[in-house]
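Novice: One structure coming up, written as structure tokens, with questions to follow.
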Amino acid sequence: MKTNKFIIGLFCSLLCLAGCQKDLFNDVSFLNSVSSSAKLTALYDITQDNTGIVTITPNGEGVTYFEVYYGDKTTTPFSKVLPGKSTVHQYIEGVYKVKIVGYNSLGVKTEATQDLTVSFKAPEDLKATLAQNGLSVTVDATALYETYYKVFFGDSNNVTPIPFKTFIEGQPITYTYAKAGTYDVKVVALSGGAASSELVKTIKVGKQIELPIGFDDVNYDYTFGDFGGAANSIVADPADATNKVMKVIKTAGAEVWAGTTMSTNLGLAKAIPLKSGATTMQARIYSPAAGLKIKLKVEDRTNGNIAVETDALTTVANAWEVVEFDFSNQSSGTPSINFANTYDKASIFFDFGNPGSGKVFYCDDVKMKPAAVVLSQINLPVTFDATTVNYTMTDFGNNSTLDAVDPTSSSNKVKKTTKVNGAETWAGTTIGTPAGFASKIPITSSATTMSVRVYSPAVGIKVKLKIEDKTDPNKSVETDVLTTKANEWETMVFDFSNQATGTAALNTAFTFDKASIFFDFGNAGSGKVFYWDDIQFGVPANANALVLPLNFESSTINYAFTNFDGGNVTIVNNPASGSINTSTKVAKMVKGAGQPWGGSYITLDSRIDFSTNKTFKVKVYSPRVGAKLLLKVENLTDGNIAFDKEVATTKANEWEEITFDYSAISTTNSYQKIVLIFDIGTVGDGSANFTFYFDDIKLN
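Below you can see the structure in the form of structure tokens.
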């Protein structure tokens with residue numbers, strides 16, 4: 000029976016093929032668009048044994064096959080050389096005109112002639128030219144008696160030499176390095192003899208710097224120019240060995256005007272965007288003392304007379320601070336800023352006005368001062384209810400997304416997306432501005448889900464959620480879920496370990512900090528309307544449950560801290576929203592008079608799961624560097640069952656995220672309390688020096 004079905008199916012297929020035969024095979028109009036072969040060249044490779052044996056490899060665009068005329072007494076060509084193949088011929092010494100004939104698929108031919116020098120003498124008078132452009136170098140060469148060249152680019156990635164020829168003018172070879180640096184480029188000229196000639200030239204490659212300047216990108220050339228006795232180098236940050244910074248020593252006896260030009264002679268790749276209302280640049284400075292004058296000067300790299308400069312004073316010693324240079328307040332006696340000018344070169348002068356005495360300065364993150372941000376960047380979880388967050392959406396494919404109120408509750412703010420008539424099948428909406436989320440989505444191998452509340456017009460509609468790296472859209476993952484309810488809210492859970500068919504698998508090494516949602520994916524727009532709200536990482540449980548992570552943003556969760564022995568915790572507004580913490584609400588602890596161990600604890604609604612995640616992270620805003628935070632977890636009823644770690648702060652008066660390694664914790668015990676003690680061993684006094692803020696307690 001199965002055989003009969005197969006025969007019947009095959010017969011039907013043949014009938015369909017016969018019925019379509021005219022459409023498939025009789026229409027040859029496409030051949031009219033076949034282009035002639037073009038750009039005919041040949042690569043020569045001569046054996047270095049004085050035999051004169053030359054391998055000729057023809058090349059060309061749109062060529063079906065080649066004929067090669069050797070240019071000597073042999074009059075019959077070697078025909079039917081297929082693309083990528085070669086022909087071998089033996090010559091005596093001399094110069095020959097090799098003719099390459101290329102045929103396209105219609106038999107139309109194109110010809111080109113190229114010289115071939117066969118010499119058994121060693122090449123002489125070898126010259127090479129190197130042209131650098133960013134990370135790329137272009138190499139050309141000339142020599143007498145040469146047949147072809149090999150070039151070694153001097154980096155570990157270039158194991159095999161790349162041969163090239165210079166017989167056709169304007170066809171040098173270009174190579175791109177993996178990172179900036181100084182390399183020895185060796186060019187070898189070869190003839191038909193065993194001897195060769197070589198030349199080595201040194202070249203420095205790297206992208207031309209531009210603002211912001213951070214000193215960490217291996218693609219950029221951080222070769223800066225010193226003058227007057229200043230001496231710069233790129234070194235590790237004195238406060239963070241993983242960060243690269245610029246170090247400048249104002250050497251003993253250096254001129255009062257000694258400084259460093261923060262670019263090569265080429266200046267900056269792009270002009271500094273100074274304009275009305277945007278006249279301030281910033282730099283992070285690590286100074287040996289407070290009150291030292293730092294001058295920043297910007298100029299036109301083609302005309303040093305077009306310049307403007309301004310001064311600022313350091314305010315702290317042996318610690319990083321952000322120093323601002325407002326060019327609308329230029330240095331005394333110097334020209335005013337002129338926005339019609341081009342400023343594309345910058346120089347910095349440390350301890351300006353004083354002769355050098357060996358003072359050491361560090362500099363990092365030179366950039367334009369960011370414009371004032373009225374609204375904070377969107378971040379998970381997204382509720383559309385906060386008045387301080389920028390909930391701007393970016394539609395594409397003819398989607399239309401607007402602010403709206405919940406169709407079931409007028410007090411709840413949501414987004415309303417209409418897939419308008421004729422919208423693309425892939426029409427969607429990027430959640431938030433093109434800048435993406437303020438923090439990356441904490442995807443791990445064991446935490447792969449996000450959820451969105453959706454109000455759909457019908458059951459069975461496909462909704463796609465895609466997350467990606469906002470700096471590299473090729474690093475992405477997406478997954479699909481079907482709606483199960485019509486005209487009522489449901490929480491749709493998107494598991495990225497089950498990615499959409501035909502898309503890339505989840506790679507937890509990627510940074511995912513941007514998300515887009517696609518309603519009715521795969522179907523053209525027909526006017527369907529969707530409401531959506533509450534985008535978050537993970538699957539929501541009890542909305543009012545007190546569980547990790549703790550971000551203190553909910554107006555319905557009771558963040559009940561129990562204070563003891565001088566510690567006092569309250570929930571307050573974020574005193575310094577921005578940077579790594581744009582939260583609206585945070586926790587504040589004031590350590591007053593009491594015991595050295597004064598602190599506070601909070602009891603969660605369920606035990607902490609240490610089965611896979613054993614690293615705590617807490618964002619802390621400390622009044623001073625070196626203040627220690629003890630993070631302790633305890634059993635709900637037995638305080639003797641506990642585990643703790645203590646970590647010191649490294650920043651003052653700015654948010655930082657500190658990490659507690661709990662890898663040694665016993666996972667057989669149950670822990671439900673979180674205890675926080677600042678500066679254990681020291682009695683607080685309730686002053687600003689003992690006032691701390693903390694936020695975003697989470698387990699990774």
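The sequence shown begins at 0 in numbering that gives the first Met the number 0 and counts up one residue at a time. The beta carbon of each residue, even a glycine, is placed where N, CA and C say it ideally should be.
1. Answer with buried or exposed for F529, where buried requires no fewer than 16 other C-beta atoms within 10 angstroms of its C-beta.
2. Tell whether a beta-carbon distance below 8 Å holds between Q113 and V97.
3. So who's on the other strand from E60, going by DSSP bridges?
4. Which of the three DSSP states, helix, strand or coil, is assigned to N739?
5. DSSP beta-bridge partners for D405?
6. In angstroms with no decimal places, state the Cα-to-Cα distance between V184 and A130.
7. Where DSSP assigns a beta bridge to R452, which residues make up the other side?
8. In the DSSP output, which residue or residues are listed as bridge partners for T54?
9. Would DSSP call K21 helix, strand or coil?
10. Could you tell me whether the Cβ atoms of V62 and P82 are closer together than 8 Å?
11. Quick check: R606 and W531, are their CB atoms within less than 8 Å of each other?
12. Can you look up F302 in the DSSP assignment and give me helix, strand or coil?
13. Whole angstroms are fine: how far does the CA of S196 sit from the CA of P122?
14. My assumption, with CB atoms under 8 Å, is that T564 sits in contact with Q594. Please give the rounded CB distance.
15. Taking the beta carbon of I579 as the centre, do at least 16 other beta carbons fall within 10 Å, making it buried, or is it exposed?
16. Just to confirm the assignment: which complete beta strand (DSSP E) runs, minimum length 3, are found wholly within the segment 325-361?
17. Taking the alpha-carbon positions, what's the K126 to E298 distance?
18. Mind checking S356: buried by the 16 CB within 10 Å criterion, or exposed?
19. Starting from the Cα of G266, find the closest Cα among V80, E209 and A288 and give me that residue.
20. Here's the rule I'm using: 16 or more other beta-carbon atoms within 10 Å means buried, otherwise exposed. How should E110 be labelled?
21. Short check: CB of L115 to CB of V53, under 8 Å?
22. Assuming L630 contacts K613 (C-beta within less than 8 Å), just tell me the rounded distance between them.
23. Which residue comes first and which comes last in the beta strand (DSSP E) that contains I579?
24. Nearest-angstrom Cα distance between G427 and S662?
25. Quickly, what does DSSP pair E209 with across the bridge? List them, please.
26. What residue range does the beta strand (DSSP E) around M261 cover?
27. In three-state terms, what does DSSP make of N242?
28. Under the rule that 16 or more other beta-carbon atoms within 10 Å means buried, what is T417, buried or exposed?
29. Tell me whether A514 sits in a helix, a strand or coil according to DSSP, three-state version.
30. Three-state secondary structure (DSSP) at N572?
31. Taking Y285 as part of the beta strand (DSSP E), name the residues at either end of that continuous run.
32. Return helix, strand or coil for A706, following the three-state DSSP convention.
33. Suppose the cutoff is 6 Å on Cβ atoms and the five residues either side in sequence are ignored; what does the same chain contact list for A523 look like?
34. For T241, count the other beta carbons within 10 Å of its own beta carbon; 16 or more makes it buried, fewer makes it exposed. Which is it?
35. Do V632 and Y670 come within 8 Å of each other at the CB atom, strictly closer than that value?
36. Hey, how far is the Cα of F226 from the Cα of G258?
Specialist: Quick look at the numbers:
1. Buried, since its Cβ has 16 or more Cβ neighbours within 10 Å.
2. At the C-beta level, Q113 and V97 come within 8 Å of one another.
3. Assignment of beta-bridge partners to E60 by DSSP yields A37.
4. Residue numbering for the chain in the displayed model covers 0 to 699; residue 739 lies beyond these limits and cannot be assessed.
5. Answer by DSSP bridge pairing, in chain order: S408.
6. The straight-line gap separating the alpha-carbon atoms of V184 and A130 is approximately 12 Å.
7. Answer is T490 and D532, bridged to R452.
8. Looking at the DSSP output, T54 sits in a beta bridge with D44 and V87.
9. Note that K21 scores 37 on pLDDT, short of 50, meaning its location in the model is unreliable; the coordinates nonetheless yield the value given after this. Helix, per DSSP.
10. Between V62 and P82, the C-beta gap is smaller than 8 Å, which places the two residues in contact.
11. No, these two residues do not count as a Cβ contact at 8 Å.
12. Looking at the sequence itself, residue 302 is Asn, so the reference to Phe does not match. Looking at N302 - three-state DSSP - the assignment turns out to be strand.
13. If I take the Cα positions, the gap works out to 6 Å.
14. First, the amino acid is wrong: residue 564 is Asp here, not Thr. Right, their Cβ atoms sit about 4 Å apart.
15. Exposed, since its Cβ has fewer than 16 Cβ neighbours within 10 Å.
16. Qualifying beta strand (DSSP E) stretches, in chain order: 344-349.
17. In a straight line, the C-alpha of K126 is about 38 Å away from that of E298.
18. With fewer than 16 other beta carbons inside 10 angstroms of its own, S356 counts as exposed.
19. If we check each option's Cα against that of G266, E209 comes out closest.
20. Classification of E110: exposed, given that the 10 Å Cβ count is below 16.
21. Yes; because the gap between Cβ atoms is below 8 Å, this pair is in contact.
22. With 8 Å as the limit, L630 and K613 do not qualify as a contact, their Cβ atoms being about 13 Å apart.
23. Per DSSP, I579 belongs to no beta strand (DSSP E) and is neither H nor E.
24. G427 and S662 have their C-alpha atoms some 42 Å from each other.
25. None, per the DSSP bridge assignment.
26. For M261, there is no enclosing beta strand (DSSP E), as DSSP marks it with neither H nor E.
27. Three-state result, N242: strand.
28. Answer is buried; the Cβ neighbour count reaches 16.
29. For A514, the secondary structure class from DSSP, reduced to helix, strand or coil, is strand.
30. The answer is strand: DSSP assigns N572 an E or B state.
31. Looking at the DSSP string, the run of the beta strand (DSSP E) that includes Y285 is T279 to Y285.
32. The first residue shown for the chain is 0 and the last is 699, placing residue 706 beyond what the model contains.
33. Residues T424 of the same chain have their beta carbon placed closer than 6 Å to that of A523, with the five preceding and five following residues left out of the count.
34. Classification for T241: exposed.
35. If you check the CB distance, Y670 and V632 come in under 8 Å.
36. Looking at the backbone, the Cα of F226 and that of G258 are separated by about 6 Å.
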